[in-house]
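I have placed the structure first, in the form of structure tokens, so that the comments after it can refer back to it.
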Amino acid sequence: MSKNTNNRSEFQSRSLQMSRHYASNQATPNRRAFFRLNLYHMTVEVTVLGDLDDYIPTTTYQATIRDLSGGGISFYTKEPIIHTPDDILTVNFEVMDNIFFEQVSIVRYYQVDHEQYMYACQFSNINPYEQDKLIAVVFRMQASQSKHTLKAAGH
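Below you can see the structure in the form of structure tokens.
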């Protein structure tokens with residue numbers, strides 16, 4: 008075996024050992040399928056439609072978007088959203104001149120304080136075209152925010 012082949016083999020072996028060590032010392036990896044963008048200044052309208060048999064709008068809530076991704080949305084409300092597990096919920100919001108009207112399911116919620124509630128929702132039945140459009144909007148917004156951050160930092 009030549010010296011170069013031996014060195015390459017030793018390098019590959021050490022790299023494998025280091026990557027195993029590095030992986031074993033890492034925190035739980037980000038398992039999210041989509042990048043989330045914080046949007047504390049935008050609003051969303053949340054509507055409870057009732058269950059599949061009714062499908063009649065019952066209540067609408069105004070909320071502030073916490074973050075948004077191609078897979079879901081989280082938001083804050085000033086009052087709890089009254090719903091049952093069988094209720095269909097929709098969100099209606101506008102981002103960068105794109106209007107989205109999507110069905111969601113609540114993944115988790117909690118009371119932040121006595122006047123604020125946080126809801127994390129997953130989009131359900133979102134069509135691929137709308138999801139791709141939303142992902143593109145999120146990336147454009149992220150690029151825009153990064154550009155403004157760099158300008159503010161003087162770069």
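Numbering (the numbering used here), first residue to last: 8 to 162.
Where is the CB? At the ideal position from N, CA and C, for every residue including glycine.
By the Cβ neighbour-count rule, THR50 is exposed, with fewer than 16 other Cβ atoms within 10 Å of its own.
Per DSSP, MET125 is one residue of the beta strand (DSSP E) stretching across 123 to 130.
Following the DSSP letters along the chain, one finds GLY79 inside the beta strand (DSSP E) bounded by residues 79 to 84. In this structure, the straight-line span from the alpha carbon of PRO135 to that of VAL111 is close to 15 Å. Among the bridge pairs identified by DSSP, VAL98 is matched with VAL53 and GLU109. Taking a C-beta distance under 8 Å as the contact criterion, PHE82 and ILE72 qualify as a contact pair. Sequence-distant partners of GLN123 (beyond 5 residues in either direction) whose C-beta falls short of 7 Å from its own C-beta, in its chain, are TYR83 and LYS85.
Take VAL102, set aside five residues on each side of it, and the residues of its chain with a beta-carbon closer than 6 Å to its own are VAL144, in chain order.
In the displayed model, ILE133 falls within coil according to three-state DSSP, outside both helix and strand. In its chain, beyond the 5 residues on either side, GLN110 have a beta carbon closer than 6 Å to the beta carbon of ASN132.
Between the alpha carbons of GLY78 and ASP93 lies a gap of roughly 20 Å.
Residue pairing from DSSP leaves ASP139 without any beta-bridge partner. Where ILE89 is concerned, there is no enclosing beta strand (DSSP E), because DSSP gives it neither an H nor an E.
ARG147 and PRO87 have their C-alpha atoms spaced approximately 32 Å apart. Of all alpha-carbon atoms in THR66, VAL114 and SER76, the one lying nearest the alpha-carbon of ASP139 is that of SER76.
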